[in-house]
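Its first residue numbered 105, the sequence shown is counted upward by one per residue in the working numbering.
In this text, a Cβ means the ideal position worked out from N, Cα and C, and glycines have one as well.
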Amino acid sequence: MSETNMGRVPVGDPIPLRLDPTTKQRLEELAAGIGPRRFGALVRVAARRLVADPDRVPEALAQARRASADARRIPWAERPLDLDPATNTRLSQLAHEFHTDRSAIVRVALHRFLTAAGRFRHPLLREDTRTDLTYRTRVYLNRSTLVRLEKLISRNGDALTAAAIRVAVRRLLDNPGDLAADLATIGTARDLTPEALGPRTNVHFDDDLRDQLDNLAGQLDSDRAELMRLAARQLLANPRDLEKAVTEEVYRGDANRARLLARDTRRRQAAAAGQPAHTPSRAPSPQGNPFGRRHVFRFDEDTKRRLEELADEYGPRRVSALLRVGIRRLIAYPAADEALAQARRADAQARALPHDPVTLKLDPPTAARFRALATRHEASPRDLVAVAVHRFLAAPGNHRPALIDEAAVSGLDEKFTVSLRPSARRDIERLAERHGTRLSSVLVRVAVRRLLDNSGDLTGDLENVAPVHDLRPAHHTARVDVALDDELLAHLDALADRLGSNRQELVYLAAKRILRFHNNIENQMLDEMFRAPNSRKHLLAKHARREKIRRRGRGSDT
Numbered sequence: 105m106s107e108t109n110m111g112r113v114p115v116g117d118p119i120p121l122r123l124d125p126t127t128k129q130r131l132e133e134l135a136a137g138i139g140p141r142r143f144g145a146l147v148r149v150a151a152r153r154l155v156a157d158p159d160r161v162p163e164a165l166a167q168a169r170r171a172s173a174d175a176r177r178i179p180w181a182e183r184p185l186d187l188d189p190a191t192n193t194r195l196s197q198l199a200h201e202f203h204t205d206r207s208a209i210v211r212v213a214l215h216r217f218l219t220a221a222g223r224f225r226h227p228l229l230r231e232d233t234r235t236d237l238t239y240r241t242r243v244y245l246n247r248s249t250l251v252r253l254e255k256l257i258s259r260n261g262d263a264l265t266a267a268a269i270r271v272a273v274r275r276l277l278d279n280p281g282d283l284a285a286d287l288a289t290i291g292t293a294r295d296l297t298p299e300a301l302g303p304r305t306n307v308h309f310d311d312d313l314r315d316q317l318d319n320l321a322g323q324l325d326s327d328r329a330e331l332m333r334l335a336a337r338q339l340l341a342n343p344r345d346l347e348k349a350v351t352e353e354v355y356r357g358d359a360n361r362a363r364l365l366a367r368d369t370r371r372r373q374a375a376a377a378g379q380p381a382h383t384p385s386r387a388p389s390p391q392g393n394p395f396g397r398r399h400v401f402r403f404d405e406d407t408k409r410r411l412e413e414l415a416d417e418y419g420p421r422r423v424s425a426l427l428r429v430g431i432r433r434l435i436a437y438p439a440a441d442e443a444l445a446q447a448r449r450a451d452a453q454a455r456a457l458p459h460d461p462v463t464l465k466l467d468p469p470t471a472a473r474f475r476a477l478a479t480r481h482e483a484s485p486r487d488l489v490a491v492a493v494h495r496f497l498a499a500p501g502n503h504r505p506a507l508i509d510e511a512a513v514s515g516l517d518e519k520f521t522v523s524l525r526p527s528a529r530r531d532i533e534r535l536a537e538r539h540g541t542r543l544s545s546v547l548v549r550v551a552v553r554r555l556l557d558n559s560g561d562l563t564g565d566l567e568n569v570a571p572v573h574d575l576r577p578a579h580h581t582a583r584v585d586v587a588l589d590d591e592l593l594a595h596l597d598a599l600a601d602r603l604g605s606n607r608q609e610l611v612y613l614a615a616k617r618i619l620r621f622h623n624n625i626e627n628q629m630l631d632e633m634f635r636a637p638n639s640r641k642h643l644l645a646k647h648a649r650r651e652k653i654r655r656r657g658r659g660s661d662t
């Protein structure tokens, strides 16, 4: 069809795209109700806005890459390293000269060693027999570097990893080369977990738009998929004038624009009146076909397996019908807010990471003030240290003078065994490494002294900050497609707005609840799968026969 005729303008060949599940879900929610083929049109609008302003793309792409790398960083692997006095002194002087820490220099040394190992067998054996290694330090390396190093040196027998690290360090000390450049690029490189991208989505792009994306990707050393993920994030961050842009993308002819604008006006008026903006798009089929568009939700593998086992006793399209029954029960449940809060607490407890043990050393006067503050607020030393570190990381300020003074304090005879969240401990260590040596314990003492000098609203922080745990990511990798009609979606969205939640969380809660409370759901399941009244009697009889056969297979005649 042409642009002047009625209907949609055909677009080009489909392009496979992979987005992370959260971004795709937000795009689908944003595109809901705009019109048919709305998701693809929304993605094309995002692409057109990206290529319309190519000057800002390089900076935005670099920022997105940095944010992705920060989110996917794998923690350093801590490794003890024994050195002789001369090597220890030279390594400390080199770290002081380049304003860095020993770990960064060792990472550069290992990178050079793995790039050009040369003849290392005899130096490695000599290094393994040394007896003057009197200084022990701890270095932080990438786990992939250690794996590559052990794989390289184990070809000649035992993996003498510590000796190989010392050989690499001595080579660097004898020939530093362009160490400043390597420290900026190699010394800061981190292992990254792979990006968690969802299944492939096909979106039709016309030839002109595809060529513009490919040209821009070639200029920025990127690819089409990365640019589209950037375009989607930018669109979600600034969704301006989307209805008009998507309408023009879906229906480019003037004949349909008035009808679409009128439909959008009715939707806005219904939303302003407090009525559901979505009405059922079509009636249920008398043959029992599910109605509504299919929506993708993410569950863990165990929950999906249990849903399939529970729904296996019913007819076709059983998992989708079972989830719709669970959603309807959750919407009608009067204490849905309490159930959601309890589910969140249970999920947080299941994914909570244990705190890392830390020893806090204080001088006697400071220790007395510390105990008095803990007694006054009925708090444990661990809780006070957690609050102090949280406040310090939120606003470190100009802490270098206090750090220097604290490093010179002597008489730290009082010891407290406390613990910190792994993320807080990593942030403290990363902040301490900027000063050339490992001063993480000194930074913790600086944070504690700040808390003792200005406790502020300590009661509120003890309730909100101290009990916080780091959480493992939720392993929701199993995909479940559920057909939901517009009316049920409107009620689900209203419940999500009231509870401060989203569709994904509520559907997952509905699935967990239906697995716990699934008594007397036969009629509801049949209503969801087959809505025609004339077939209900037949389906009930078929279900009764299936149930009798199932019980007989278990050895029961009742």
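Whole angstroms are fine: how far does the CA of Thr-470 sit from the CA of Val-546? On the sequence shown, residue 546 is found 442 positions in, with the first residue counted as 1. On the sequence shown, residue 470 is found 366 positions in, with the first residue counted as 1. About 14 Å.
On the three-state DSSP scale, how would you describe Ser-523? Here the question's residue 523 lines up with position 419 in the sequence shown. Ser-523: strand per DSSP, three-state reduction.
Please report the straight-line C-alpha distance between Val-243 and Arg-275, rounded to a whole angstrom. Indexing the sequence shown from 1 puts residue 243 at position 139. Indexing the sequence shown from 1 puts residue 275 at position 171. Approximately 17 Å between the Cα atoms of the pair.
Given a cut-off of 8 Å on the beta-carbon distance, is the pair Met-332 and Val-572 in contact? To locate residue 332, count along the sequence shown from 1; it is residue 228. To locate residue 572, count along the sequence shown from 1; it is residue 468. No, Cβ-Cβ distance for Met-332 and Val-572 is not below 8 Å.
For a test of the three-state rule: what should DSSP assign to Ile-625, helix, strand or coil? Position 521 of the sequence shown, counted from the first residue, corresponds to residue 625. If DSSP states are grouped into helix, strand and coil, Ile-625 belongs with coil.
C-alpha gap between Ser-559 and Ala-506, whole angstroms: Counting from one through the sequence shown, the residue named residue 559 turns up at place 455. Counting from one through the sequence shown, the residue named residue 506 turns up at place 402. So the alpha carbons of these two residues sit roughly 18 Å apart.
Which word fits Asp-236, buried or exposed, when buried means at least 16 other C-beta atoms lie within 10 angstroms of its C-beta? As a working mapping, residue 236 is identified with position 132 in the sequence shown. Classification of Asp-236: exposed, given that the 10 Å Cβ count is below 16.
Classify Pro-485 as buried or exposed, calling it buried when 16 or more other Cβ atoms lie within 10 Å of its own Cβ. Translated into the one-based positions of the sequence shown, residue 485 becomes position 381. Counting Cβ neighbours within 10 Å, Pro-485 comes out buried, since at least 16 surround it.
Give the secondary structure of Arg-122 by DSSP, where H, G and I count as helix, E and B as strand, and everything else as coil. Locating residue 122 in the sequence shown gives position 18, counting from the first residue. Reduced to three states, the DSSP call for Arg-122 is strand.
Rounded C-alpha distance that separates Ser-514 from Leu-195: The residue you call residue 514 lines up with position 410 of the sequence shown. The residue you call residue 195 lines up with position 91 of the sequence shown. Cα to Cα, the separation comes out at about 26 Å.
What residue ranges within the stretch 497-562 form continuous alpha helix (DSSP H) runs of no fewer than 4 residues, ordered along the chain? 504-511, 526-537 and 544-557
Val-586 - partner residues in DSSP beta bridges: For the purposes of this step, residue 586 is identified with residue 482 of the sequence shown, where counting begins at 1. In the DSSP output, where bridge partners are listed per residue, Val-586 has His-399.
Applying the criterion that 16 or more other CB atoms from any shown protein chain within 10 Å of the CB defines a buried residue, is Ala-335 buried or exposed? Within the sequence shown, numbered from 1, the residue matching residue 335 stands at position 231. The residue in question, Ala-335, is buried, as its Cβ has 16 or more Cβ neighbours within 10 Å.
Inter-stretch contact (C-beta, 8 Å, three-pair minimum) for the stretch 434-450 and the stretch 512-532: no
Can you tell me whether Thr-193 is buried or exposed? The criterion is at least 16 other CB atoms within 10 Å of its CB, across all chains shown. Working through the sequence shown from its first residue, we reach residue 193 at position 89. Classification for Thr-193: exposed.
Taking the straight line between their C-alpha atoms, what separation do you get for His-503 and Asp-509? For the purposes of this step, residue 503 is identified with residue 399 of the sequence shown, where counting begins at 1. For the purposes of this step, residue 509 is identified with residue 405 of the sequence shown, where counting begins at 1. Roughly 10 Å between the two C-alpha positions.
CA nearest to the CA of Arg-152, picked from Gln-316, Asn-624, Arg-549 and Leu-229: Stepping through the sequence shown from its first residue, residue 152 is reached at position 48. Taking only the C-alpha atoms, the option nearest Arg-152 is Gln-316.
What residue range is occupied by the uninterrupted alpha helix (DSSP H) comprising Tyr-612? In the sequence shown, residue 612 corresponds to position 508, counting from 1. Looking at the DSSP string, the run of the alpha helix (DSSP H) that includes Tyr-612 is 607-620.
May I have the straight-line CA-CA distance separating Leu-185 from Leu-524, to the nearest angstrom? In the sequence shown, residue 185 corresponds to position 81, counting from 1. In the sequence shown, residue 524 corresponds to position 420, counting from 1. If I take the Cα positions, the gap works out to 25 Å.
Measuring CA to CA, which of Leu-283, Ile-269, Arg-530 and Phe-403 is closest to Pro-179? Locating residue 179 in the sequence shown gives position 75, counting from the first residue. Here the closest residue by C-alpha is Arg-530.
Return helix, strand or coil for Ala-181, following the three-state DSSP convention. On the sequence shown, position 77 is the one that residue 181 refers to. In this structure, Ala-181 counts as strand in the three-state DSSP scheme.
Leaving out five residues on either side along the sequence, give the residues of the same chain with a beta carbon under 6 Å from the beta carbon of Arg-294. Working through the sequence shown from its first residue, we reach residue 294 at position 190. Hits under 6 Å: Arg-177.
Cutoff 6 Å; reference Arg-549; Cβ partners in own chain excluding five residues on either side: The residue given as residue 549 occupies position 445 in the sequence shown. If we look at Arg-549 and ignore the five residues flanking it on each side, its Cβ neighbours are Glu-510.
Judging by CA-CA distance, which residue of Arg-223, Thr-305 and Ala-300 is the nearest neighbour of Asp-124? Here residue 124 corresponds to residue number 20 of the sequence shown, with the count starting at 1. Among Arg-223, Thr-305 and Ala-300, the Cα nearest to that of Asp-124 is on Ala-300.
Say the cut is 7 Å; is the CB of Asp-589 nearer than that to a heavy atom of the ligand GDP? The model on display carries no ligand, and the ligand GDP is accordingly not part of it.
N- and C-terminal bounds of the alpha helix (DSSP H) containing Pro-303: Within the sequence shown, numbered from 1, the residue matching residue 303 stands at position 199. From DSSP, Pro-303 is part of no alpha helix (DSSP H); its letter is neither H nor E.
Reduced DSSP secondary structure (H/G/I, E/B, other) of Arg-294: Residue 294 sits at position 190 when you count from the first residue of the sequence shown. DSSP places Arg-294 in coil when its eight states are reduced to three.
What's the call for Asn-246, buried or exposed, on a 16-neighbour Cβ count within 10 Å? For the purposes of this step, residue 246 is taken as the residue at position 142 of the sequence shown. Result: buried.
Using the Cα positions of Arg-122 and Asp-327, report the straight-line distance between them to the nearest angstrom. In the sequence shown, the residue the question calls residue 122 occupies position 18. In the sequence shown, the residue the question calls residue 327 occupies position 223. Rounded to whole angstroms, Arg-122 to Asp-327 spans 12 Å at the Cα level.
Considering only DSSP beta bridges, list what Asp-460 is partnered with. For this step, residue 460 is matched to residue 356 along the sequence shown. Its beta-bridge partners are Leu-524.
DSSP beta-bridge partners for Val-243? Here residue 243 refers to the residue found at position 139 when the sequence shown is read from its first residue. For Val-243, which the question treats as bridged, DSSP gives the partners Arg-183.
Return yes when the Cβ of Leu-610 is within less than 8 Å of the Cβ of Ala-600, no when it is not. Locating residue 600 in the sequence shown gives position 496, counting from the first residue. Locating residue 610 in the sequence shown gives position 506, counting from the first residue. It is a contact, given that the beta carbons lie within the stated cut-off.
Using CA atoms only, rank isn't needed, just tell me which of Leu-516, Val-584, Ala-582 and Tyr-437 is closest to Thr-463. By one-based count along the sequence shown, residue 463 stands at place 359. Of Leu-516, Val-584, Ala-582 and Tyr-437, the residue nearest in Cα terms is Leu-516.
Simplified DSSP assignment, three categories, for Leu-575: Sequence index remark: in the sequence shown, residue 575 carries index 471 (1-based). Leu-575: strand per DSSP, three-state reduction.
Cβ-based burial, Ala-173 [other Cβ within 10 Å; buried from 16]: As a first step, residue 173 is located in the sequence shown; it is residue number 69 there, counting from the start. Ala-173 comes out exposed.
Taking the alpha carbon of Val-429 as the point to measure from, which residue in Asp-631, Asp-312 and Ile-257 has its own alpha carbon closest? One-based indexing of the sequence shown puts residue 429 at position 325. Selected option, being the one with the closest Cα: Asp-631.
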